[in-house]
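Engineer:
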Amino acid sequence: MTQTERDIIIRCQQGDKQAFRWIVKMHQQMVFSLALKMLCDEEEAKDMVQDTFIRVWQSIRDYDPQRTFTTWLYTIASRLCLDRLKRKKRILSVQEDELVLKNYASDTDSQRILENSEWISIVRLMADKLSAKQKLVFTLCQLEGLSSEEVQEITGFDARQVKSNLYAARQTIRKRLIELGYE
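Take a look at the structure:
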């Protein structure tokens, strides 16, 4: 964190709304990206960005400058997303999703060779079916590219929990892809 960022955070802790606007501007895309990957719904992700920054404003005085600000922000955003997932217990049309994927997998023409963005969409769809904890760890590690240590700090999980949830998520996704004809 640069000295400028530290100064802005200190100003936020003192109630400076202009400094807070700068924080929102600098970090809203990161929060939106995480929320979209976790919630798989653009409108919910936008709502989650607002909820996250409301929570940040309410608790900025509690921020410990010894921690990385983005890690603290990820912690708030990921916990709010996890709470929303637990509360909502999404009921998706699994049969429709699987039918689309099976049709896509059985397509034998030249389009069978998937582009990276299509694979990412499929993996995200599969990740949406994971338990909330597995989805959180998978999203942070695989889709956001965070290290295991960062994920531990954000989630409060120990190293074993991060490793086991990530392993279980990968195994579940791998198994479902094979069942749907992807190899």
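Under UniProt numbering, residues 1 to 183 are what the sequence shown spells out, in order.
For each residue, glycine too, the CB sits at the ideal point set by N, CA and C.
The model shown is predicted, which means the values in this text are computed figures rather than measured ones.
Cα separation between GLN3 and PHE138?
Structural biologist: 33 Å
Engineer: Assign ARG84 to buried or exposed, taking buried as 16 or more other Cβ atoms, counted over all protein chains shown, within 10 Å of its Cβ.
Structural biologist: buried
Engineer: If you reduce the DSSP assignment to three classes, tell me which class GLN134 lands in.
Structural biologist: helix
Engineer: Are the Cβ atoms of ARG124 and LYS37 separated by less than 8 Å?
Structural biologist: yes
Engineer: Flag this pair as yes or no: are the beta carbons of SER78 and LEU34 separated by less than 8 Å?
Structural biologist: yes
Engineer: Please identify the residue among ARG61, ILE54 and THR75 whose C-alpha is closest to the C-alpha of GLN14.
Structural biologist: ARG61
Engineer: With DSSP collapsed to three states, give me the class of SER110.
Structural biologist: A caution first: SER110 carries a pLDDT of 39, below 50, which makes its placement in the model unreliable, though a value can still be read off. Three-state result, SER110: helix.
Engineer: From CYS81 to GLY181, what does the alpha carbon distance come to, in whole angstroms?
Structural biologist: Rounded to the nearest whole angstrom, the CA to CA distance from CYS81 to GLY181 is 31 Å.
Engineer: Measure the C-alpha to C-alpha separation of PHE32 and GLU43 and round it to an integer number of angstroms.
Structural biologist: Approximately 10 Å between the Cα atoms of the pair.
Engineer: Is there contact between the stretch 42-58 and the stretch 134-151, where contact requires at least three CB pairs shorter than 8 Å?
Structural biologist: no
Engineer: Counting only the same chain and skipping the five closest in sequence on each side, list residues whose C-beta sits under 8 Å from that of ASP51.
Structural biologist: The answer, listed in chain order, is LEU80.
Engineer: Report, in whole angstroms, the separation of the C-beta atoms of ALA159 and SER147, which I expect to be a contact under 8 Å.
Structural biologist: Wrong, their Cβ atoms sit about 11 Å apart, outside the cutoff.
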